[in-house]
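Peer 1: Chains W and E, in that order, give the protein sequences. Using my numbering, you'd call the opening residue of the first sequence number 777 and step up by one each time. Using my numbering, you'd call the opening residue of the second sequence number 777 and step up by one each time. Glycine is no exception: its CB is placed at the ideal position from the N, C-alpha and C atoms. Structure provided below as structure tokens; questions to follow.
Number of protein chains: 2
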Amino acid sequence: MHDLIRDLRETNDTKIILLVADGLGGLPMEPGGKTELESARTPNLDACVREGVCGLSIPVLPGITPGSGPGHLGLFGYDPLQHRIGRGILEALGVNFPVGPRDVAARGNFCTVDDAGLITDRRAGRPATERCVAMGRKLQEIRIPGVELFVEPVREHRFVVVFRGDNLGDAVNDTDPQQTGHKPLEARGQDAASQNTARIVNQFVAEADRVLKGDAPTNMVTLRGFARYPKIETMQEVYGFRPAALAVYPMYKGLARLVGMEVVDAGSTLGEQMTTLRKRWNDFDFFFLHYKYTDSTGEDGNFQAKVEMIERLDTELPKVRALNPDVLIVTGDHSTPSKLRSHSWHPVPTLLWSGTCRPDPVTEFGESYCLRGGLGQFQAMYLLPVAMAHAGRLGKYGA
Amino acid sequence: MHDLIRDLRETNDTKIILLVADGLGGLPMEPGGKTELESARTPNLDACVREGVCGLSIPVLPGITPGSGPGHLGLFGYDPLQHRIGRGILEALGVNFPVGPRDVAARGNFCTVDDAGLITDRRAGRPATERCVAMGRKLQEIRIPGVELFVEPVREHRFVVVFRGDNLGDAVNDTDPQQTGHKPLEARGQDAASQNTARIVNQFVAEADRVLKGDAPTNMVTLRGFARYPKIETMQEVYGFRPAALAVYPMYKGLARLVGMEVVDAGSTLGEQMTTLRKRWNDFDFFFLHYKYTDSTGEDGNFQAKVEMIERLDTELPKVRALNPDVLIVTGDHSTPSKLRSHSWHPVPTLLWSGTCRPDPVTEFGESYCLRGGLGQFQAMYLLPVAMAHAGRLGKYGA
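Structure below.
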């Protein structure tokens, strides 16, 4: 698909906005009820729906519940099965660590070991985050020849460690034995580069044992989810446009940076994001706006709060329309039904507005209405090519 | 897919008709309006719709606007991304030149060069087609050892040249420098076979320079879109039926010939095509009928004329029904909305009629009605397998 787009793409001065309401899709709380989106009063979204075309996005494949990484990669036009973002890298992005192509990242846990070195608490009694920060500072002092080392606290017992160097593979097992009464596992690599990483990891863990010796209950570490920085062509390389990310939370900024977007300082509220969008309107062709609160309220199981977050988004929409984008997409990276308090596999309501939409019968934004929409049910990774077509940015395939 | 069909196909005496209304899909001219197809009075198509099943065909992939080649290959059941028909070959098909497996074809332009050999007009002042024919005759006299050479005029400054021989590649650059003030570019090949072609092309251009020297403004040529004859399994090999093409325009006859259809002399009007269909009914199992005027009126931006061309097609439909085909498909190879005056990426309204259709709620033929159809939105290349199933020509897969 990317080869095809590279062949067909055309340059013009059209503008595309991708507004991602994280976890937008939902479920009714009761049989016969409405979803969060269907319950919300959304006059501005509904006006777009009447002029645009709707459908339901399948983030990865039917039945597959995506994390934030695959969910966003699909919306950015990448096949989320082909491009995998390892857990270590995602965790590093989440704490705003600037991972790069020479990095292998892993999730770390502080744990408690007894005098024999056997783990007695895999989470070190869930220490206060302040202690996590202090212990992280100790780990940061460790030196291992041949690599740079970065330790970033996350919260409680969790931290991120990044090994930076040449020839580092990530086919390395987790050192967490997943049960107490065992020693941390030795790291082993599946190939030469990963054996190189494993050797360094074992040195790091030995050093951690030494520097944390007197610090029970946080007197040892386990590492999981070793992951290299993924090699991904940038959106500029594939689509030929200048992409910008206007996100508030580090993980989404990091995901945008992975695909080559310029991460713009967009403030910390939706209102500030809108102001930034207006100010930087002439500097980019493609704008990714990320709105977190539809997901976090869904994860909290707070149906009414999710409804309110959708309504808040709706009230900001006229600011987007006022810029006269050529294509406006409103969708989610996955569903987060309040009823399930988690991400889910349910297809995601999607709206595409442009001047070249074929009419469909949908007049309100909502899951059941989108079922009748002209976009049908589609894999998320095809949404951006469709947006490019509507923006006049894709030429004809074949004569 | 083709391997599967080859395994499962069965032979019987059923008949399938694929009626392609070129560029059938459209758009309303005004928000809230109807498309060309929705505006047309089509009682005979609507009767088929009520008994059959409808849907929307995606010619290549969502957002991709196909040319005639990929659009038709999809309807013939071939993956248009796997089989590419180069521009030179398509141009040769368009002038009814019988390209074959040893051919490399290119599009040619007559151009004007000054005494220093620099191009002053890339289109030689758009000469009359008579002059194009006369100059083509001069080029046809050129002899190059090791290849046969065919020069076919198209119109104005455009012609086709076909090099026939062994070991000719088509990874050869265009010789058109795309701007005036430069000499035509030297042809270079990317591999051994293409270097062979490039050497011959450079000889041809040198000879053209010689024979056209006194013929300003048509005193030089540039060549573009070098393309080999594509290797495609025939429909008979894949589907096991005897396919016939009833088309009026050379390009569609050529596309049909590429996939092994027998191109039947079908006259020059839809009425004559219908007569031919009836006469040759017993000679074939599969009939491709091509109707051009829904596309050409769309390309002209003439909404009302496209409506009339659809209505004219509708009035001929009873002649098709009278033959009692087992399966009748009416669709397009792509959309050509009058509003856009060009091919587009919008899915194409599709109707499949047979005695084994499951009912759907569609009662009229049109883009928005087809959204509710039982075929859903589907990739064009799956339509012919579905037709074979309805014709009882596909056995069970697995036990």
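So within the stretch 988 to 1018 of chain W, which uninterrupted beta strand (DSSP E) runs reach at least 3 residues, ignoring any that extend past its ends?
Peer 2: Listed in chain order, they are 996 to 1004.
Peer 1: So which residues on chain E does Asp822 (chain W) lean against when the C-beta distance must stay under 7 Å?
Peer 2: Under the 7 Å cutoff, chain E gives no residues; its nearest Cβ is about 15 Å from Asp822 (chain W).
Peer 1: Locate the beta strand (DSSP E) running through Asn820 (chain E), then write down its first and last residues.
Peer 2: Per DSSP, Asn820 (chain E) belongs to no beta strand (DSSP E); it is in the alpha helix (DSSP H), 819 to 827.
Peer 1: Reducing DSSP to helix, strand and coil, say where Leu1031 (chain W) ends up.
Peer 2: Three-state result, Leu1031 (chain W): helix.
Peer 1: Can you find a C-beta in chain W that's less than 8 Å from the C-beta of Ser844 (chain E)?
Peer 2: Yes - at least one Cβ of chain W is within 8 Å of the one on Ser844 (chain E).
Peer 1: Judging by CA-CA distance, which residue of W:Ser970, W:Leu915, W:Leu1034, W:Arg1097 is the nearest neighbour of Arg986 (chain W)?
Peer 2: The option with the nearest alpha carbon to Arg986 (chain W) is W:Leu915.
Peer 1: Using the beta-carbon count (16 or more within 10 Å), is Ile840 (chain W) buried or exposed?
Peer 2: Burial call: exposed.
Peer 1: Report the three-state DSSP secondary structure of Lys791 (chain W) (helix, strand or coil).
Peer 2: Coil.
Peer 1: In this structure, what does DSSP give as the bridge partners for Val1124 (chain E)?
Peer 2: E:Ser833, per the DSSP bridge assignment.
Peer 1: Over the uninterrupted alpha helix (DSSP H) stretch that includes Pro1161 (chain E), give me the two end residues.
Peer 2: Pro1161 (chain E) -> alpha helix (DSSP H) spans 1159 to 1166.
Peer 1: Strictly below 8 Å CB to CB, what residues from chain E border Thr1164 (chain W)?
Peer 2: Per the sequence shown, the amino acid found at residue 1164 (chain W) is Met instead of Thr. Per Cβ cutoff of 8 Å: Gly839.
Peer 1: For the stretch 1118 to 1147 of chain W, which residues have a beta carbon sitting closer than 8 Å to at least one beta carbon of chain E?
Peer 2: Going along the stretch 1118 to 1147 of chain W in chain order, one finds Thr1132, Arg1134, Pro1135, Asp1136, Pro1137 with a Cβ nearer than 8 Å to chain E.
Peer 1: Taking C-alpha atoms, which residue in W:Gly1142, W:Pro1125, W:Arg1054 lies nearest to Asn1100 (chain W)?
Peer 2: Comparing Cα positions, the closest option is W:Arg1054.
Peer 1: For a contact defined as C-beta to C-beta under 8 Å, what are the partners of Tyr1158 (chain W) on chain E?
Peer 2: Ordered by position in chain E, the residues that pass the 8 Å Cβ test against Tyr1158 (chain W) are Leu837, Pro838, Gly839.
Peer 1: Output the boundary residues of the beta strand (DSSP E) element that contains Glu924 (chain E).
Peer 2: 924 to 931 is the span of the beta strand (DSSP E), which, as asked, contains Glu924 (chain E).
Peer 1: Can you tell me whether Val871 (chain E) is helix, strand or coil according to DSSP?
Peer 2: In this structure, Val871 (chain E) counts as coil in the three-state DSSP scheme.
Peer 1: Taking Arg863 (chain E) as the query, report the chain W residues whose CB atoms sit under 7 Å from its CB, ordered along the chain.
Peer 2: Residues of chain W passing the Cβ test: Ala1175.
Peer 1: Answer with buried or exposed for Pro807 (chain W), where buried requires no fewer than 16 other C-beta atoms within 10 angstroms of its C-beta.
Peer 2: Exposed, since its Cβ has fewer than 16 Cβ neighbours within 10 Å.
Peer 1: Go through the stretch 887 to 954 of chain E residue by residue and report every complete run of the alpha helix (DSSP H) that reaches 4 residues or more, in order.
Peer 2: Here the runs fully enclosed are 905 to 916.
Peer 1: Ordered along the chain, which non-local residues of its own chain (more than five positions away) have a Cβ less than 6 Å from that of Ala963 (chain W)?
Peer 2: Excluding positions up to five away in sequence, the list reads Val948, Thr951, Ala974, Val977, Asn978.
Peer 1: Starting from Gln1155 (chain E) and walking both ways along the beta strand (DSSP E), at which residues does that stretch end?
Peer 2: Run containing Gln1155 (chain E): 1152 to 1155, per the beta strand (DSSP E) assignment.
Peer 1: Below 9 Å between beta carbons is the criterion; list the residues of the stretch 962 to 980 of chain E that meet it against any residue of chain W, in chain order.
Peer 2: If the cut-off is 9 Å between Cβ atoms, the stretch 962 to 980 of chain E has nothing near chain W.
Peer 1: So is Lys1172 (chain W) in contact with chain E if we call contact Cβ pairs under 8 Å?
Peer 2: By this cut-off, Lys1172 (chain W) is an interface position.
Peer 1: Taking only three categories from DSSP, how would you classify Phe1141 (chain W)?
Peer 2: Coil at Phe1141 (chain W), not helix or strand.
Peer 1: Once DSSP output is grouped into helix, strand and coil, what is the label at Asn1058 (chain W)?
Peer 2: If DSSP states are grouped into helix, strand and coil, Asn1058 (chain W) belongs with the helices.
Peer 1: For Leu1151 (chain E) and chain W, any beta-carbon pair shorter than 8 Å?
Peer 2: Output row for Leu1151 (chain E): interface = no.
Peer 1: So with Cβ pairs under 8 Å, would you call Leu1116 (chain E) a contact of chain W?
Peer 2: So, interface residue.
Peer 1: At a CB distance below 8 Å, what residues from the stretch 900 to 922 of chain W approach chain E? Give them in sequence order.
Peer 2: So the list is empty, because no residue satisfies the distance condition.
Peer 1: So which residues of chain E does Met777 (chain W) contact, with C-beta pairs closer than 8 Å?
Peer 2: Those within 8 Å of Met777 (chain W) in chain E are Leu837.
Peer 1: So what's His958 (chain W) in DSSP terms, helix, strand or just coil?
Peer 2: Coil at His958 (chain W), not helix or strand.
Peer 1: Exposed or buried, Asp779 (chain W), counting other C-beta atoms within 10 Å across all chains shown (16 or more means buried)?
Peer 2: Exposed.
Peer 1: Output the boundary residues of the beta strand (DSSP E) element that contains Ile1105 (chain E).
Peer 2: Residues 1103 to 1107.
Peer 1: Restricting to Cα atoms, I'd like to know which of W:Ile918, W:Tyr1067, W:Asn995, W:Phe873 is closest to Leu1046 (chain W).
Peer 2: Closest option to Leu1046 (chain W), Cα to Cα, is W:Tyr1067.
Peer 1: What do you get for Glu1013 (chain E), buried or exposed, if any count of 16 or more other CB atoms within 10 angstroms of its CB means buried?
Peer 2: Classification of Glu1013 (chain E): exposed, given that the 10 Å Cβ count is below 16.
Peer 1: Could you please give me the residues that DSSP links to Gly1043 (chain E) through a beta bridge?
Peer 2: Its beta-bridge partners do not exist; DSSP assigns none.
Peer 1: Taking the straight line between their C-alpha atoms, what separation do you get for Cys887 (chain W) and Pro1113 (chain W)?
Peer 2: Going by the C-alpha atoms only, they are around 34 Å apart.
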